[in-house]
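Counting from 410, one number per residue, gives the positions in the sequence shown under my numbering. The next block holds one structure in the form of structure tokens; read it before the comments.
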Amino acid sequence: MRSKVTMIVIAAMITTFDDQGDAYQKSFKELAAKVREDPGVITYVLHRMIDNPSKFFVFEQYEDDEAIKFHGSTLHFKEYRKTTAHMVKDRDVGFYHEVD
């Protein structure tokens, strides 16, 4: 049984190489369909910057740390990272928990 811990949020800013935005978005869409079925995933959404289509914001919510560990260990996540490695110029990821 999963132990209940404070929900964890991951916020990731992704910058793709200029010609890779559409391909990255397609790869993420394929990943997201699978991730949303993983245990402990509450939200998994990609946003694309309006005035800079090479910049993306990923908003993720998980029930607990176990769900994040599971997510990182899945074959579909590992394949996504491998497939998109040449597309991503920069990645800044932050882990957060609710304080109020």
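Just so you know, even glycine gets a beta-carbon here, dropped at the ideal spot from N, CA and C.
For residue i, the residue or residues it bridges with in DSSP
i, result
"Phe-468", "Ala-420, Val-454"
"Arg-500", "Ile-423"
"Tyr-433", "Paired residue(s): none; Tyr-433 is not in a bridge."
"Tyr-505", "Val-418"
Beta-carbon proximity check, residue i vs residue j, cutoff 8 Å
i, j, result
"Phe-468", "Val-454", "yes"
"Leu-440", "His-506", "no"
"Phe-479", "Ile-419", "no"
"Val-520", "Ile-423", "One cannot answer for residue 520 here, as it falls past the ends of the chain, which runs 410 to 509."
"Asp-473", "Ile-417", "yes"
Nearest neighbour of residue i, chosen from the options [CA to CA]
i, options, result
"Arg-490", "Val-418, Thr-415, Asp-473, Gln-434", "Gln-434"
"Thr-425", "Arg-500, Pro-448, Tyr-505", "Arg-500"
"Thr-415", "Leu-484, Tyr-471, His-495, Lys-478", "Tyr-471"
"Gly-481", "Ala-432, Pro-448, Ile-459", "Pro-448"
"Thr-452", "Met-458, Lys-487, Lys-443", "Lys-443"
"Val-450", "Gln-429, His-456, Ile-477", "Ile-477"
"Met-458", "Ala-494, Asp-427, His-495", "Asp-427"
"Thr-483", "Lys-438, Glu-446, Asp-473", "Glu-446"
"His-495", "Glu-475, Ser-463, Gln-429", "Gln-429"
"Glu-488", "Ser-436, Pro-462, His-456", "Ser-436"
Distance between beta carbons of residue j and residue i, contact taken as under 8 Å
i, j, result
"Val-502", "Ala-432", "In fact, because the Cβ distance is near 20 Å, the residues do not count as touching under 8 Å."
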